[in-house]
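A.B. asks:
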Amino acid sequence: MPSPHLHHHPTPLLPLIALSISSALLGATLTFSSITIPALLSPSPPPALSSIHQRSIFRTLYTRCTIPFPLISLLASSMYFYLSFTSRGTDIPVHHWTGKAVKYVIAAVSSASVVPWTFLVMGRGIRRLMAPEEEEKAGEWVREELARWGWGNLGRAGMQAVAVVVGGWEMVMGE
Numbered sequence: 753m754p755s756p757h758l759h760h761h762p763t764p765l766l767p768l769i770a771l772s773i774s775s776a777l778l779g780a781t782l783t784f785s786s787i788t789i790p791a792l793l794s795p796s797p798p799p800a801l802s803s804i805h806q807r808s809i810f811r812t813l814y815t816r817c818t819i820p821f822p823l824i825s826l827l828a829s830s831m832y833f834y835l836s837f838t839s840r841g842t843d844i845p846v847h848h849w850t851g852k853a854v855k856y857v858i859a860a861v862s863s864a865s866v867v868p869w870t871f872l873v874m875g876r877g878i879r880r881l882m883a884p885e886e887e888e889k890a891g892e893w894v895r896e897e898l899a900r901w902g903w904g905n906l907g908r909a910g911m912q913a914v915a916v917v918v919g920g921w922e923m924v925m926g927e
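Residue 763 in this note's numbering sits at position 11 of the sequence shown; the count goes up by one each step and never skips.
1. Apply the 10 Å Cβ neighbour rule to Phe871 and answer buried if 16 or more other Cβ atoms are within range, or exposed otherwise.
2. Report buried or exposed for Ser794, applying the criterion of at least 16 other Cβ atoms within 10 angstroms of its Cβ.
3. So what does DSSP say about Ser802, is it helix, strand or coil?
4. Please name the residue, chosen from Gln912, Val857, Thr812 and Gly851, that lies closest to Tyr834 on a Cα-to-Cα basis.
5. Quick check on Gly779: does DSSP put it in helix, strand or coil?
6. Anyone know if the C-beta pair for Ala860 and Ser829 falls short of 8 Å?
7. Quick one: grab the DSSP three-state call for Gly926.
8. Which residues bound the alpha helix (DSSP H) around Gly875?
Here you go:
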């Protein structure tokens with residue numbers, strides 16, 4: 753009969769996989785805010801894209817990422833949660849967790865937080881940019897909404913950055 757004091761040890765690759773997933777998602781998320789949105793809003797020649805074309809490009813990019821990005825984020829989060837549970841002693845109650853387990857929980861929550869952030873903070877603007885009935889009213893509001901989306905997306909990147917930094921720190925410098 754195994755001792756209740758034994759730790760379950762996940763494969764040593766699991767922290768690396770979780771960190772890699774979080775890092776890739778961070779890079780993709782930052783790319784949208786730092787490259788894609790500024791390119792869509794750029795007034796430089798050729799003439800600025802019409803708001804109809806801006807929305808069309810945004811819709812294409814957003815639609816392609818709607819399913820994979822949240823799933824990837826939740827996959828990384830579940831890996832971090834698993835690491836938190838396997839890095840503590842089985843006899844230690846949750847309210848006494850310290851060190852490694854807490855850091856992995858922080859990484860897990862940070863990674864998963866992008867999903868509610870998207871719905872609660874960015875949802876209204878996304879729905880407006882995606883709505884076909886807004887097509888005739890396209891104009892300056894599209895540029896403003898795209899810029900607002902870019903800033904909201906930086907919030908999501910920040911959450912992934914916390915997951916990457918905390919998870920990476922624990923992986924490299926951990927106990």
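Cβ coordinates follow ideal geometry from the N, Cα and C atoms, glycine included.
These numbers were taken from a predicted model, which means no experiment stands behind them.
C.D. replies: In short, the structure shows the following:
1. Taking the sequence shown and counting its residues from 1, one reaches residue 871 at position 119. Exposed, since its Cβ has fewer than 16 Cβ neighbours within 10 Å.
2. Mapped onto the sequence shown, residue 794 falls at position 42. The residue in question, Ser794, is exposed, as its Cβ has fewer than 16 Cβ neighbours within 10 Å.
3. For this step, residue 802 is matched to residue 50 along the sequence shown. Three-state result, Ser802: coil.
4. Here the question's residue 834 lines up with position 82 in the sequence shown. Looking only at Gln912, Val857, Thr812 and Gly851, the smallest Cα-Cα distance to Tyr834 is reached by Val857.
5. For the purposes of this step, residue 779 is taken as the residue at position 27 of the sequence shown. Gly779: helix per DSSP, three-state reduction.
6. Numbered from its first residue, the sequence shown carries residue 860 at position 108. Numbered from its first residue, the sequence shown carries residue 829 at position 77. In contact: Ala860 and Ser829 (Cβ atoms closer than 8 Å).
7. Against the sequence shown, residue 926 aligns to sequence position 174. In this structure, Gly926 counts as coil in the three-state DSSP scheme.
8. Along the sequence shown, one-based indexing puts residue 875 at 123. Gly875 to Met882 is the span of the alpha helix (DSSP H), which, as asked, contains Gly875.
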